[in-house]
Every structure is written in structure tokens, then in C-alpha cells.
Amino acid sequence: MLPGGILAPYLGNIFGTKQGSGMALQFALFSFVIVLICIASYAVSVLRNIEDILPDYDAVAE
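Oh and the sequence shown: position 5 is 5 in the working numbering, straight run, nothing missing.
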């Protein structure tokens, strides 16, 4: 993140504006998105109950 960039006034206090701060911002942003995806997929009952819906491999082979 550049010291004079667009996001520096908003996120510069949290992540800084030195070398590597842009990667820290990306890491935090992608982690937040993954948490949102996990919460959204838990809301879908088919994904939440996938262990009960799909048969086990051993049960199918017999």
C-alpha cells in the first residue's frame, strides 16, 4: 500500500504503509471472505447435511 494511495488514509493506521502492508491487507481481506463463504455455505442445508446425504464408500462397495 502506497503512503499517498487511495486506501492509505483509511487502512494505513491498521496495516501500515511500508513494504509488505499491501500483502497484509490482502491476507486479511481474503481471510474475511473465506469466513463469509464458510458462514454462507453453512446456511445451505444440502451442504450442512452432506455427511448424511452421501453414502459412505464402504456401504456402496458392498
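Think of the CB as a built atom: it goes at the ideal place given N, C-alpha and C, for glycine as much as any other residue.
Proximity of V46 and I53 at Cβ, strictly below 8 Å: Annotated as proximal: V46 and I53, with beta-carbon spacing under 8 Å.
By Cβ distance, which residues of its chain are closer than 8 Å to L25, with the 5 residues on each side in sequence left out? Non-local beta-carbon contacts of L25 in its own chain, meaning distances under 8 Å to residues more than five positions away in sequence, involve M1, L7, L11 and F15 in chain order.
Please classify S21: is it buried, with 16 or more other beta-carbons within 10 angstroms of its beta-carbon, or exposed? S21 sits buried, since 16 or more C-beta atoms from the chains shown fall within 10 Å of its C-beta.
Output needed for P55: all residues of its chain with C-beta closer than 6 Å, excluding positions within five of it in sequence on either side, in chain order. Result list for P55: empty, nothing under 6 Å.
Three-state secondary structure (DSSP) at Q19? The answer is coil: DSSP assigns Q19 none of H, G, I, E or B.
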